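Novice: Chains as they are written, first to last, in this note's numbering: chain A, 2 to 297; chain B, 184 to 441; chain C, 608 to 842.
Glycine residues also receive a C-beta, built at the ideal position from the N, C-alpha and C atoms.
Remember, predicted model here, so these are calculated numbers, not experimental data.
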Amino acid sequence: MTSAGNLATYNFAYLDEQTKRMIRRAILKAIAIPGYQVPFASREMPMPYGWGTGGVQVTASILGPDDTLKVIDQGADDTTNAVSIRAFFQKVANVKVTTKTGEATVIQTRHRIPEEPLTEGQVLVYQVPIPEPLRFLEPRETETRKMHALEEYGLMHVKLYEDIARNGHIATTYAYPVKVGERYVMDPSPIPKFDNPKMHRSQALQLFGAGREKRIYAIPPHTEVVSLDFEDYPFEIQKFEKPCALCGAENVYLDEVVLDDKGGRMFVCSDTDHCEDRRNAGHVGELGVAQTEAAE
Amino acid sequence: MNSQPLLKVSDLSKFYGGRIGCTKVSFDLWPGEVLAIVGESGSGKTTLLNCVSTRLTADVGSVEYRMRDGQFRNLATMAEAERRFLMRTDWGFVHQNPADGLRMTVSAGANVGERLMAIGDRHYGQIRETAGDWLSRVEIGLDRIDDQPRAFSGGMRQRLQIARNLVTAPRLVFMDEPTGGLDVSVQARLLDLIRGLVQDLGLAAIVVTHDLAVARLLSHRMMVMKDGQVIEHGLTDRVLDDPREPYTQLLVSSILQV
Amino acid sequence: MPTPLVVSEVAKTFTMHLRGGTRLPVIANVNFAATAGQCSVLGGPSGAGKSSILKMVFGNYSVDTGQILVKHRDQVIDLARAEPRQILEVRRETIGYVSQFLRVVPRISALDIVAEPLAQEGVEMEDARARAADLLSRLNLPEELWALPPATFSGGEQQRVNIARGFITSHSILLLDEPTASLDAQNRDVVIEMIEEKKRAGTALLGIFHDEDVRTRIADHVIDVSKFSARELAA
């Protein structure tokens, strides 16, 4: 009989060391071949597929006791997915957590890249639902792998062609395909195309994990990342008519928030940490209140 | 006259286990020449077509192709990347069932433009213009450029498939029963279209068909296959008007007269 | 006189495999030459093998033994042994053929059918069409028919399209298989006139004419095919 304190506990960061080793090998290979999808033996995690199991396994494998973790979902630190993954790693790895982009060493993200430019030494881990950018038009995995191997990417432009033919412009706004290191075409996960330029020559290491599809890929720091386009329909990011309603920030990605049932709405920063920082620094948007007043 | 063939097929054989697919087939194909391969179902003509076009790997024999630089290359030993590039630029393949050769869920324009994008064209306006030109060459109205082939009739789909193949100005086109499964009137229109395009573009083509009328109309030369072997081979009108082998005589005498 | 076509010791037997392999000898030891600027006529009763000889010279029937020597470009080619693509080249440039019946291609206009051989020689399509129009009007084919595919034409109309197609080029050898059979007297005279013009231009003509009157008007010499008959030889 053992006492309760001696009950088997989780290994550091939940995964056993052999599994982490396997995943780290896949990560190393992914870094060596930027944009290439490396297959790995994805494990069952204590959460359903679609909740970021790929990203969680990557994070678990690279996390050390000294790391500081930030988790965002659609740019926010306080949404269900972000909160539960953050709580998960606090529990199984007991690492420091933060909401501050600048303080984090590892940032796990779903569907956004933080507004604050990432710096050397930081790692951004993306949760990826569908890693294969060619699947839309070519469902056969054997064929898409061959197309990657032989660099046959005409099909990617067929998708963009269809977009323009149907809508008059490239209507793809998220998961916008990119070419990495002048070689592999890659799906950047469903981030808005607004964030695509942030991947280009980023100082941080970017890792992508797809749990259900069992693939890991990577963009090493300072790598060329080019969004695909046509000469006469060049790549463009979304533009917003107004600045953030709360902090007045321009040139950031905004979310629409419905205020009432009479059509009232406002546009606010999707990156909650960035917005908060700005408000703390005294920036006030059209509908915002100065932090000092709010405190009263 | 071109002094070199475009394609040299030597001693080609393909077996399916103990069964013969095709055996000991040799021929040369010259630029601008249309060769018909005829025979009934199971005679090995489609196997031969697939072996020559490298869609199947032959067990014995070789297929050599004269590249644009004038050099002959053995297709079996060519790197896959180069072979696939060849197949989508210098070659065409027209399938009997258009759904096998088209992307049914993308527009007609993109179906034609795909090969251009695959070789690096990156100007939407120019790609669309070229696609439009080709649609009108195969008698598909410009107002259908954004429609998906799912909405097209069988004859239109087949014409679209032809445009998709010819947009990169290939030198060699393979056709597997290109008019099979179409109404007679639609067939006639398609045959006439193919005949005109082959002549205008100086294409070399290998056409597999069981229909001797198609062979007569399209081809210069024909090969008759039976049980995986070529049993008679010669000028198309010679083979049809003066057949020598018993099987060829049977085939020719079996044509229904209208 | 140059002889652009020499037929030497040619024999032909049909084997009817569907009739238990019956061998049907048609002709043997065929020897004749066609002279430039003259019209040679194959004579003899029907079934003697006149048409078969014409078809062998055109490469349409195979030849069992013997030689068919044709002066093509600057060389002499034996059509009995030539490769298919050589025969096609000879047809494109050297030997023209007016068959008894027109092989109709769906959807192609009468004018284009006539212009095609000239276009294949490298003449601009517009010029070839103009030449075709000249010939068709000379043969009295109503102009409203020119743009139509000849499938629905009468026998005489189809034949005139066929004649125009054969006469449009300036091939050095022209084969004629009953070109006047279904024509009225007026058009027959036009064809005879056209044959005379070909002769003056130095073309070697070889033909079959059942019409006694036509034959006597155009034939420079008659080749009696019955003397080549393999059946009598066998008997």
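Label Glu297/A either buried or exposed according to how many other C-beta atoms from any shown protein chain fall within 10 Å of its C-beta, with 16 as the threshold for buried.
Specialist: Bear in mind that a pLDDT of 44 at Glu297/A, under 50, signals an unreliable position, so the model cannot answer this.
Novice: Quick check on Cys234/B: does DSSP put it in helix, strand or coil?
Specialist: In this structure, Cys234/B counts as helix in the three-state DSSP scheme.
Novice: Hey, is Pro429/B's beta-carbon within less than 7 Å of any beta-carbon in chain C?
Specialist: Yes, Pro429/B counts as interfacial toward chain C.
Novice: Just the chain C side, please: which residues come within less than 8 Å of Ala398/B by C-beta, in chain order?
Specialist: Here the premise fails: no neighbours, minimum Cβ distance about 13 Å.
Novice: So is Lys92/A buried or exposed if we call it buried at 16+ other beta carbons inside 10 Å?
Specialist: Exposed: under 16 other Cβ atoms inside 10 Å.
Novice: Hey, which unbroken runs of the alpha helix (DSSP H) at 4 residues or more fall wholly within the region 666–733 of chain C?
Specialist: The region 666–733 of chain C contains these whole alpha helix (DSSP H) runs: 691–700 and 717–727.
Novice: Are the C-beta atoms of His158/A and some chain B residue less than 7 Å apart?
Specialist: It does: the Cβ of His158/A has a partner Cβ on chain B nearer than 7 Å.
Novice: Decide if Pro749/C is buried, meaning its Cβ has at least 16 other Cβ atoms within 10 Å, or exposed.
Specialist: With fewer than 16 Cβ atoms within 10 Å of its Cβ, Pro749/C is classed as exposed.
Novice: In the DSSP output, which residue or residues are listed as bridge partners for Lys619/C?
Specialist: According to DSSP, Lys619/C bridges with Ile634/C.
Novice: Classify Pro426/B: buried if its beta carbon has 16 or more other beta carbons within 10 angstroms, exposed otherwise.
Specialist: That one is buried.
Novice: Could you tell me the distance, in whole angstroms, from the CA atom of Ala754/C to the CA atom of Arg745/C?
Specialist: In a straight line, the C-alpha of Ala754/C is about 16 Å away from that of Arg745/C.
Novice: Taking Cβ to Cβ, would you say Val98/A is nearer than 7 Å to Leu70/A?
Specialist: Yes, Cβ-Cβ distance for Val98/A and Leu70/A is below 7 Å.
Novice: Please list the terminal residues of the continuous alpha helix (DSSP H) segment that includes Ser779/C.
Specialist: It is not in any alpha helix (DSSP H) - Ser779/C carries neither H nor E in the DSSP assignment.
Novice: Quick one, which of Tyr218/A, Arg279/A and Pro35/A has its alpha-carbon nearest Gly249/A's?
Specialist: Nearest of Tyr218/A, Arg279/A and Pro35/A to Gly249/A, Cα basis: Arg279/A.
Novice: For a test of the three-state rule: what should DSSP assign to Ala841/C, helix, strand or coil?
Specialist: Caution applies to Ala841/C, whose pLDDT of 48 falls short of 50 and renders its modelled position unreliable; the model cannot decide the point.
Novice: Can you give the Cα-Cα distance for Gly303/B and Phe231/A, rounded to whole angstroms?
Specialist: Using only the alpha carbons, I get a separation of about 10 Å.
Novice: Compare the C-beta of Ser658/C with all C-beta atoms of chain B and state if any pair is closer than 7 Å.
Specialist: Output row for Ser658/C: interface = no.
Novice: Can you look up Leu318/B in the DSSP assignment and give me helix, strand or coil?
Specialist: The answer is helix: DSSP assigns Leu318/B an H, G or I state.
Novice: Would DSSP call Tyr218/A helix, strand or coil?
Specialist: Note: Tyr218/A maps to strand in three-state DSSP.
Novice: Please confirm if Met184/B has its CB atom under 7 Å from at least one CB of chain C.
Specialist: Only weak support exists for where Met184/B lies, its pLDDT of 46 falling under 50; the value from the coordinates is given anyway. Yes, its Cβ sits closer than 7 Å to a Cβ of chain C.
Novice: Tell me whether the region 156–166 of chain A and the region 271–290 of chain B touch, counting them as touching only if at least three CB pairs, one residue from each stretch, are closer than 8 Å.
Specialist: Yes, the region 156–166 of chain A is in contact with the region 271–290 of chain B.
Novice: Less than 7 Å between CB atoms is the rule here; does Arg714/C satisfy it with respect to chain B?
Specialist: Judged by the 7 Å Cβ criterion, Arg714/C is in contact with chain B.
Novice: What would DSSP say about Pro188/B, mapped onto helix, strand or coil?
Specialist: Of the three classes helix, strand and coil, the one that applies to Pro188/B here is coil, per DSSP.
Novice: So Tyr668/C contacts chain B; which residues on that side make the cut at Cβ distance below 8 Å?
Specialist: Simply Arg421, Asp424 and Asp425.
Novice: At a CB distance below 9 Å, what residues from the region 278–309 of chain B approach chain A? Give them in sequence order.
Specialist: So the list reads Arg286, Thr288, Val289, Ser290, Gly292, Ala293, Asn294, Gly296, Glu297, Arg298, Leu299, Met300, Ala301, Ile302, Gly303, Asp304, Arg305, His306, Tyr307, Gly308 and Gln309, given in the order they occur along the chain.
Novice: If you draw a straight line from the C-alpha of Ala241/B to the C-alpha of Leu365/B, how long is it?
Specialist: Approximately 31 Å between the Cα atoms of the pair.
Novice: When you compare only the Cα positions, how much space is there between Ala219/A and Ile73/A?
Specialist: Distance between the alpha carbons of Ala219/A and Ile73/A is about 19 Å.
Novice: What are the partner residues of Gln412/B, as DSSP defines its beta bridges?
Specialist: Lys409/B, per the DSSP bridge assignment.
Novice: Where His828/C and Cys646/C are concerned, what is the direct C-alpha to C-alpha distance, given to the nearest angstrom?
Specialist: The alpha-carbon atoms of His828/C and Cys646/C are separated by roughly 7 Å.
Novice: Report the residue ranges of all beta strand (DSSP E) runs contained in full by the region 274–298 of chain B; include only those spanning at least 3 residues, in chain order.
Specialist: With a minimum length of 3 residues, the continuous beta strand (DSSP E) runs that stay inside the region 274–298 of chain B are 274–277.
Novice: Any beta-carbon of chain B closer than 7 Å to the one on Ile694/C?
Specialist: Closer than 7 Å: yes.
Novice: List the endpoints of the continuous beta strand (DSSP E) containing Arg249/B.
Specialist: Its beta strand (DSSP E) spans residues Val243 to Arg249.
Novice: Contact criterion: CB-CB distance below 7 Å. Does His624/C meet it with respect to chain B?
Specialist: Judged by the 7 Å Cβ criterion, His624/C is in contact with chain B.
Novice: Kindly list the residues whose CB is nearer than 6 Å to the CB of Arg25/A, restricted to its own chain and excluding five residues on each side of it in sequence; keep chain order.
Specialist: Counting only Cβ-Cβ distances below 6 Å, and skipping sequence neighbours, we find Ser62.
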